[in-house]
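Residue numbers (the UniProt record's numbering): 1 to 119.
We treat Cβ as the ideally placed atom computed from N, Cα and C, and that holds for glycine.
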Amino acid sequence: MAGHKRTIDRKLKQVEKQLEMRVKELDENEKENQALRDQLDDQVLRLQAQAKQKDAQIAEVQTTLENVTKAFSSVISAASYRYSLAIQYLDDATQEMLLRSFKEDITEARDAWIEPGLL
């Protein structure tokens with residue numbers, strides 16, 4: 001009986017040792033997994049910050065484009081108004097000259113307000 005008890009005790013110690021090693025292995029795996037989760041969290045935060053930066057840049061471009069559009073529209077309206085007032089009282093040759101001037105004003109306004117490559 002004493003021999004069986006020693007065998008059982010020895011087997012129990014082996015199983016305990018195996019369990020301890022497995023627990024250590026699982027703890028190490030958990031630490032590695034936590035480190036990976038932390039890295040992913042950091043990457044997500046960086047990507048979110050980059051997305052906010054891009055959103056701010058897009059908003060800035062949209063605002064600039066709206067301002068350019070308003071300014072260009074104002075120039076066109078002013079030139080059109082000038083042309084329509086003047087044309088009522090002018091002969092054909094002068095009307096033609098004024099129309100060319102109107103087209104030049106529009107072209108200058110476009111070139112001054114809109115960057116090359118946007119149109």
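Assuming contact is defined by CB atoms lying nearer than 8 Å, are Arg110 and Phe72 in contact in what I supplied? yes
One question on the structure: do Val68 and Asp105 come within less than 8 Å of each other, judged by their Cβ atoms? no
Tell me the start and end of each unbroken beta strand (DSSP E) in the segment 30-69 that is at least 3 residues and wholly inside, in chain order. none
Less than 8 Å separating the beta-carbons of Ile81 and Leu98? Correcting the residue identity first, residue 81 is Tyr in this sequence and not Ile. Taking 8 Å as the Cβ cut-off, Tyr81 and Leu98 do not qualify as a contacting pair.
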